[in-house]
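Notes for the one structure printed next.
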Amino acid sequence: MRIETGVNLQDCNTFGLPAVAATLVHIEEAADVRRVVDHPELGRSPKFILGGGSNIVFTRDLAATVLKVEIRGLRIVEERADAVIVEAGAGERWHDLVAWTLDQGLGGLENLALIPGTVGAAPVQNIGAYGLELADRFDSLDAVDLVSGRAITLDRMRCRFGYRDSVFKQDLAGKSVITRVRLRLPRPWRPVLEYLDLQRKCEDAGFIEGRLPSARQVFDWVCEIRRAKLPDPAVIGNAGSFFKNPVVTPEQCRDIIARDPHLVHYPMADGQFKLAAGWLIDACGWKGKSVGAAGVYERQALVLVNRGGARGGEVMTLARAIQESVYGRFGIRLEPEPIVI
1 MRIETGVNLQ
11 DCNTFGLPAV
21 AATLVHIEEA
31 ADVRRVVDHP
41 ELGRSPKFIL
51 GGGSNIVFTR
61 DLAATVLKVE
71 IRGLRIVEER
81 ADAVIVEAGA
91 GERWHDLVAW
101 TLDQGLGGLE
111 NLALIPGTVG
121 AAPVQNIGAY
131 GLELADRFDS
141 LDAVDLVSGR
151 AITLDRMRCR
161 FGYRDSVFKQ
171 DLAGKSVITR
181 VRLRLPRPWR
191 PVLEYLDLQR
201 KCEDAGFIEG
211 RLPSARQVFD
221 WVCEIRRAKL
231 PDPAVIGNAG
241 SFFKNPVVTP
251 EQCRDIIARD
261 PHLVHYPMAD
271 GQFKLAAGWL
281 IDACGWKGKS
291 VGAAGVYERQ
301 ALVLVNRGGA
311 RGGEVMTLAR
321 AIQESVYGRF
331 GIRLEPEPIV
341 I
């Protein structure tokens, strides 16, 4: 366990927003969490858990003790007839895990390529992209309780996954540190190609019914699609998709289509419809606009960016203006994906 004081977190969040942590603890193994709990000073202080910082908007300095999760390790845990179970340390980069599974000849995570952040943060958000969610491949995880220091293991049911949601954003928010995550990669593997952009890639590459792309091919396509639409946080600060895609009733969807026939919407299994938040924002004329040094990305209206020197307050002022604009035109309230501190 390594402890630092007065640490600037600007390089620890992909938005590149300034914030100072009074105390930062580097968590390199599960035992470090128990050491924090047992520490005479750190144990009593409020805690804030930090992974890759890809889903956070800092608007102030942090008085809470910041636990930066850096637990590493990738391994195959079990090979069964119907699945392979792989395990990753919570501090591993998510994309590195996806690439590693492919190097082992294992498909199943390729649709989730290039999602920024760490493995430990993935279940918190129930990350998802291109027709797949983490919950679809989840097996179990290990965590440490921040009150008792007790190790716990949670299966899929106990994680209570929802759309960009989990028990770690509800009852267990800030109460436990995820240390290791296990994923179930199915056998036999079949590609998930329901997403329109992937279907177009299949057609362009000459794949027809009965002839399917490999997991590596889907991975490459997803990387190409994401790079064409989303900015690299290493080049321009951002937290990826800033707003959740809203879910509405069939009646609400029909009402909006009556006024805006080009509405981008997707039917869901429960009869409701998911609307493309990026389309709603673009329709309100926000693409490329800025508030101070915070702006809306020119290629994808769903992404807010740091144009250089932005502060968290500017990002949230822009976000609230977008929310008000979308609500005024469509009667839909957009909900931010990142955690706002």
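Residue numbering for the sequence shown follows the UniProt record's numbering, starting at 1 and increasing by one per position.
Positions of the beta carbon are idealized from the N, C-alpha and C atoms, including for glycine.
With which residues is residue i paired in a DSSP beta bridge?
i, result
"Glu29", "DSSP output for Glu29 lists no bridge partner at all."
"Glu86", "It should be pointed out that residue 86 corresponds to Val in this sequence rather than to Glu. DSSP output for Val86 lists Ile76, Leu183 as bridge partner(s)."
"Glu133", "Gly128"
"Ser290", "Gly295"
"Asn8", "Val20"
"Phe273", "Val248, Pro267"
"Leu154", "Leu141"
"Leu67", "Val25, Ile49"
"Phe243", "Pro336"
"Leu304", "Val296"
"Leu62", "Ala21"
"Arg2", "His26"
"Asp171", "Its beta-bridge partners do not exist; DSSP assigns none."
"Ser176", "Asp145"
"Asp165", "Gly162"
"Thr118", "Arg93"
"Val37", "Answer by DSSP bridge pairing: none, since Val37 is not bridged."
"Val57", "Val340"
With a 10 Å radius around its C-beta and 16 neighbouring C-beta atoms as the bar for buried, classify residue i as buried or exposed.
i, result
"Asp142", "buried"
"Pro336", "buried"
"Ser176", "buried"
"Ala234", "exposed"
"Asp136", "buried"
"Pro191", "buried"
"Pro40", "exposed"
"Arg44", "exposed"
"Gly6", "exposed"
"Pro246", "buried"
"Pro123", "buried"
"Gln199", "exposed"
"Ser214", "exposed"
"Ile256", "buried"
"Ala121", "buried"
"Asn13", "buried"
"Gln300", "buried"
"Val147", "exposed"
"Tyr163", "exposed"
"Asn8", "exposed"
"Arg259", "exposed"
"Gly52", "buried"
"Arg93", "buried"
"residue 346", "Outside the shown range of the chain, which is 1 to 341, sits residue 346, and nothing can be said about it."
"Gly206", "exposed"
"Trp328", "In the sequence under discussion, the amino acid at residue 328 is Gly, which differs from the Trp named in the question. Per the 10 Å Cβ criterion, exposed."
"Glu70", "buried"
"Thr249", "exposed"
"Gln104", "exposed"
"Ile3", "exposed"
"Gly271", "exposed"
"Gly107", "buried"
"Ile27", "buried"
"Gly331", "exposed"
From the beta carbon of residue i, is the nearest beta carbon of chain B less than 7 Å away?
i, result
"Ile339", "The structure shown contains no chain B; it holds only a single protein chain."
Rounded to whole angstroms, how far is the Cβ of residue i from the Cβ of residue j, which I believe are closer than 8 Å?
i, j, result
"Ile341", "Thr59", "6 Å"
"residue 353", "Trp279", "With the chain covering only 1 through 341, there is no way to say anything about residue 353."
"Gly117", "Ser166", "That pair is no contact at about 14 Å."
"Arg182", "Ala90", "Incorrect: roughly 11 Å between the Cβ atoms, too far for contact."
"Pro231", "Val305", "6 Å"
"Leu62", "Ala22", "7 Å"
"Leu67", "Lys47", "6 Å"
"Ala83", "Pro186", "5 Å"
"Leu334", "Ala276", "Their Cβ separation, rounded to whole angstroms, is 11 Å, which puts Leu334 and Ala276 out of contact at 8 Å."
"Ser241", "Leu302", "5 Å"
"Gly288", "Arg307", "Their Cβ separation, rounded to whole angstroms, is 11 Å, which puts Gly288 and Arg307 out of contact at 8 Å."
Is any non-hydrogen atom of the ligand SAM found closer than 6 Å to the C-beta of residue i, if you look at the structure I gave you?
i, result
"Leu154", "This structure lacks the ligand SAM; in fact it carries no ligand of any kind."
Decide yes or no for the touch test of the stretch 68 to 79 against the stretch 149 to 162: beta carbon pairs closer than 8 Å, at least 3 of them.
-> no
Is the stretch 126 to 139 in contact with the stretch 183 to 197, if contact means three or more CB pairs nearer than 8 Å?
-> yes
Touching or not, the stretch 13 to 21 and the stretch 302 to 312, by the rule of three or more beta carbon pairs under 8 Å?
-> Yes, the stretch 13 to 21 is in contact with the stretch 302 to 312.
Are there three or more Cβ pairs, one per stretch, closer than 8 Å when the stretch 109 to 119 is compared with the stretch 216 to 228?
-> yes
Entirely within the stretch 212 to 238 and at least 4 residues each: give me those alpha helix (DSSP H) ranges in chain order.
-> 215 to 229, all fully within the stretch 212 to 238.
For the 8 Å Cβ check, are there 3 or more pairs between the stretch 169 to 183 and the stretch 21 to 34?
-> yes
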